[in-house]
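Peer 1:
In my numbering, the protein residues as written are 4 to 207.
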């Protein structure tokens with residue numbers, strides 16, 4: 004019986020370890036200007052993270068932006084075909100819209116992007132510590148599907164993501180290494196396995 008408990012504990016711990024790193028997050032920073040006017044380097048960040056089965060969460064963040072540098076457009080690519088605008092749900096407080104058209108959304112003519120988020124140019128604009136958070140659900144979708152370069156369309160780039168700040172467009176050529184993130188359910192499974200091993204050891 005003791006041997007069976009130990010075997011079960013080891014199995015659950017190994018299962019938890021193997022699954023705990025399956026969730027992924029990627030973060031885009033290091034945006035450089037490729038069109039328009041403006042100076043300095045914008046402090047903008049886009050994070051895409053796995054958020055459950057076939058669901059990712061997209062968080063766009065622009066801390067410290069001035070009203071003159073409000074975010075009005077943000078572009079992404081995705082390798083998974085068949086997404087439609089109906090697959091997107093705005094779960095953030097920031098108002099905005101989304102357009103999904105594969106290799107059709109151009110950031111000032113540079114690159115062809117699959118997904119374009121648009122934000123108000125007046126009123127409730129995207130500045131300061133605002134965040135725009137969207138949830139996307141589609142069969143077989145995960146965060147790594149967003150680690151894709153725009154289809155070339157002349158000009159500079161292509162970029163993984165592009166953003167319009169005021170009158171200028173900025174893009175990132177940096178594709179960061181995906182970061183594994185623990186899933187709560189897997190952590191519970193791992194903890195149960197380790198607890199079982201501890202109980203067997205204590206009995207001995």
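Even glycine gets a Cβ: it sits at the ideal position worked out from N, Cα and C.
Please go through the same chain and pick out, in chain order, the residues whose beta-carbon is closer than 8 Å to the beta-carbon of residue 46, but skip the five residues on each side of it.
Peer 2: 65, 66, 67 and 68
Peer 1: With 16 other CB atoms within 10 Å as the buried threshold, where does residue 118 fall?
Peer 2: With 16 or more Cβ atoms within 10 Å of its Cβ, residue 118 is classed as buried.
Peer 1: With the cut-off set at 9 Å, would you say residue 116 and residue 37 are in Cβ contact?
Peer 2: no
Peer 1: What is the DSSP secondary structure of residue 149, reduced to helix, strand or coil?
Peer 2: helix
Peer 1: Roughly how many angstroms lie between the CA atoms of residue 43 and residue 100, to the nearest whole one?
Peer 2: 28 Å
Peer 1: With a threshold of 6 Å on Cβ separation, who are the neighbours of residue 124 within its own chain once the five nearest residues in sequence on each side are excluded?
Peer 2: 75
Peer 1: Throw me the rounded Cβ distance for the residue 128 and residue 122 pair, which I believe falls under 8 Å.
Peer 2: Indeed, because the Cβ distance is near 7 Å, the residues count as touching under 8 Å.
Peer 1: Leaving out five residues on either side along the sequence, give the residues of the same chain with a beta carbon under 7 Å from the beta carbon of residue 107.
Peer 2: Excluding positions up to five away in sequence, the list reads 115.
Peer 1: Comparing alpha-carbon positions, which option in 155, 56 and 165 lies nearest residue 26?
Peer 2: Residue 26 has its Cα closest to that of 56, out of 155, 56 and 165.
Peer 1: If you check the beta carbons only, do residue 233 and residue 31 fall under 9 Å apart?
Peer 2: No statement about residue 233 is possible, as the shown extent of the chain runs from 4 to 207 and does not include it.
Peer 1: Classify residue 89 as helix, strand or coil using the three-state DSSP reduction.
Peer 2: helix
Peer 1: How far does the beta strand (DSSP E) with residue 51 in it extend, from its first residue to its last?
Peer 2: 48-53
Peer 1: Where does the unbroken beta strand (DSSP E) through residue 122 begin, and where does it stop?
Peer 2: It is not in any beta strand (DSSP E) - residue 122 carries neither H nor E in the DSSP assignment.
Peer 1: If distances are taken between C-alpha atoms only, which option among 142, 150 and 157 comes closest to residue 87?
Peer 2: 142
Peer 1: Go ahead and label residue 112 buried or exposed: buried means 16 or more other beta carbons lie within 10 angstroms of its beta carbon, across all protein chains shown.
Peer 2: exposed
Peer 1: Could you give the distance in angstroms between the alpha-carbon of residue 84 and the alpha-carbon of residue 164?
Peer 2: 18 Å
Peer 1: Under three-state DSSP, which class holds residue 215?
Peer 2: The question about residue 215 has no answer, for the chain in this structure spans 4 to 207.
Peer 1: Around the Cβ of residue 131, are there at least 16 other Cβ atoms within 10 angstroms (buried) or fewer (exposed)?
Peer 2: exposed
Peer 1: Go ahead and label residue 146 buried or exposed: buried means 16 or more other beta carbons lie within 10 angstroms of its beta carbon, across all protein chains shown.
Peer 2: buried
Peer 1: Could you spell out where the beta strand (DSSP E) holding residue 82 opens and where it closes?
Peer 2: No beta strand (DSSP E) holds residue 82; DSSP gives it neither H nor E.
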